[in-house]
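Before any comments, here is the structure.
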Amino acid sequence: LKEEALRAEEAKLEEFRQARLAEEARLEELRQAEAAKKAEEARLAEEARVAEEARIAEEERLKEEALRAEEAKLEEFRQARLAEEARLEELRQAEAAKKAEEARLAEEARVAEEARIAEEERLKEEALR
Numbered sequence: 017l018k019e020e021a022l023r024a025e026e027a028k029l030e031e032f033r034q035a036r037l038a039e040e041a042r043l044e045e046l047r048q049a050e051a052a053k054k055a056e057e058a059r060l061a062e063e064a065r066v067a068e069e070a071r072i073a074e075e076e077r078l079k080e081e082a083l084r085a086e087e088a089k090l091e092e093f094r095q096a097r098l099a100e101e102a103r104l105e106e107l108r109q110a111e112a113a114k115k116a117e118e119a120r121l122a123e124e125a126r127v128a129e130e131a132r133i134a135e136e137e138r139l140k141e142e143a144l145r
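Heads up: the sequence shown begins at 17 in the working numbering, then just goes up one per residue.
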């Protein structure tokens with residue numbers, strides 16, 4: 017009976033040992049699954065971070081591109097305005113030169129007219145003498 021009780025006790029202990037080993041194996045599986053889940057979450061978070069950085073960089077690139085295009089447009093307008101101002105200055109100078117020439121010709125005509133009148137007067141006086 018003692019032998020039988022001892023064998024029954026040993027069988028019971030072996031059963032508990034097997035159950036404990038099975039529980040430890042299950043816990044190890046859970047730990048590994050949790051570690052894999054955390055690694056996947058970290059991978060996804062890193063992917064999201066990299067994608068967000070790329071999105072922000074692309075946004076910045078597009079803003080810079082738009083800014084450069086706007087600056088080029090402004091420079092184009094500035095150059096056009098300068099060209100227009102130069103053209104207007106040329107017109108003003110041409111107009112001033114035309115007026116100066118007209119004034120010179122008018123003065124020449126006035127002097128010639130005065131000389132003609134003076135010559136007429138001289139001839140009249142000579143004829144009277």
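A virtual CB, placed ideally from N, CA and C, is assigned to each residue, including glycine.
- In the three-state scheme derived from DSSP, where H, G and I count as helix and E and B as strand, Arg145 is classed as coil.
- Judged by DSSP in its simplified three-state form, Leu139 adopts helix.
- Contiguous beta strand (DSSP E) elements confined to the region 30-82 do not occur, taking only those with 3 or more residues.
- Taking the Cα positions, Leu98 is about 59 Å away from Arg138.
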